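Chemist:
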Amino acid sequence: MKRSSRAWILLPVIIVVVAAVGLVVSNFQKEAGIMGANKAGRAAVAAAVTARNLAQGQGAADYSAYSSAVLAATVARRNIPLINPADTRLDNLLVEAVDCLAAGREAWQTELDQTWDQATHGVPGYWKALHPALDISTGGPLTSTEVRRFASERASKILETAIGLAE
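No gaps in the numbering here: position 90 of the sequence shown is 71 in the working numbering, and each next residue is one more.
(1) Would you call T(-11) buried or exposed, if buried means 16 or more other Cβ atoms sit within 10 Å of its Cβ?
(2) What separation, rounded to the nearest whole angstrom, lies between the Cα atoms of I61 and D43?
(3) Can you tell me which of S125, D68, V79 puts its alpha carbon nearest to the alpha carbon of T96?
(4) What's the C-alpha gap between M(-18) and V(-3)?
(5) Suppose the cutoff is 7 Å on Cβ atoms and the five residues either side in sequence are ignored; what does the same chain contact list for K109 look like?
(6) Which residue wins for smallest C-alpha separation from A78, given the options V5, G3, A27, V(-1)?
(7) With DSSP run on the structure shown, which of helix, strand or coil describes T124?
(8) Tell me whether G40 is buried or exposed, calling it buried when 16 or more other Cβ atoms sit within 10 Å of its Cβ.
(9) Does the Cβ of I101 have 16 or more other Cβ atoms within 10 Å, making it buried, or fewer, making it exposed?
(10) Do you know whose CA, among G103, L71, A32, lies nearest A53's CA?
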């Protein structure tokens, strides 16, 4: 009788251990070397890096190239098939990076269109409300150039992590 009662005590312990190991392996596939991000994820990171590199341009021609690159990064991110946890983590990073790049695009467009309204666009809360991934560390009035700089810096930090995950 004692042996059968020990088996019933050990069964839940074994089940919990197996479940814990399965959870760890499934969530840390990239770190365990089991599976990494797919090709579409790497292509989306490359598109976002290209857009980030074009962010510091000047004038309408550079804006057009940057705007097209942000659009390409957005489309590439949307085309990532979420097959495993590494893809999901990469997608979450790219959502934030592309949001920052879109904020930079919006600021640049208002500058070119000469529609920058200091009372609206110069307030950090405006940018934080529309682009939650954007981290604006100043409290004062902003210029278009400052918003673009903040957006590019934040996107760069996020893309560093994304590049490491995509490799």
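Don't be surprised by glycine CBs; every beta carbon is placed ideally from N, CA and C. A quick note: this is a predicted structure, and the numbers were derived from the prediction, not measured.
Modeler: A quick look at the data gives this:
(1) Stepping through the sequence shown from its first residue, residue -11 is reached at position 8. Correcting the residue type first, residue -11 is Trp in the shown sequence and not Thr. Here W(-11) is exposed, its C-beta having fewer than 16 other C-beta atoms within 10 Å.
(2) Along the sequence shown, one-based indexing puts residue 61 at 80. Along the sequence shown, one-based indexing puts residue 43 at 62. Rounded to whole angstroms, I61 and D43 show a C-alpha spacing of 27 Å.
(3) Working through the sequence shown from its first residue, we reach residue 96 at position 115. Out of S125, D68, V79, S125 has the C-alpha closest to the C-alpha of T96.
(4) Here residue -18 refers to the residue found at position 1 of the sequence shown. Here residue -3 refers to the residue found at position 16 of the sequence shown. The pLDDT assigned to M(-18) is 48, lower than 50, so where the model puts this residue is not dependable; a value taken from the coordinates is nonetheless given after this. The straight-line gap from Cα to Cα measures roughly 24 Å.
(5) Indexing the sequence shown from 1 puts residue 109 at position 128. Only residues of its own chain outside the window of five on either side were considered, and among them L115, I117 have a CB closer than 7 Å to the CB of K109, listed in chain order.
(6) Taking the sequence shown and counting its residues from 1, the one referred to as residue 78 is at position 97. When the alpha-carbon of A78 is set against those of V5, G3, A27, V(-1), the nearest one is in A27.
(7) As a first step, residue 124 is located in the sequence shown; it is residue number 143 there, counting from the start. Coil.
(8) Counting from 1 along the sequence shown, the entry for residue 40 is found at position 59. By the beta-carbon neighbour count (other beta carbons within 10 angstroms, threshold 16), G40 is exposed.
(9) To locate residue 101, count along the sequence shown from 1; it is residue 120. Contrary to the premise, residue 101 reads as Thr rather than Ile in this sequence. Taking all protein chains in view, the Cβ of T101 is surrounded by fewer than 16 other Cβ atoms within 10 Å, so the residue is classified as exposed.
(10) The residue labelled residue 53 in the question sits at position 72 within the sequence shown. Residue A32 holds the alpha-carbon nearest to the alpha-carbon of A53 among G103, L71, A32.
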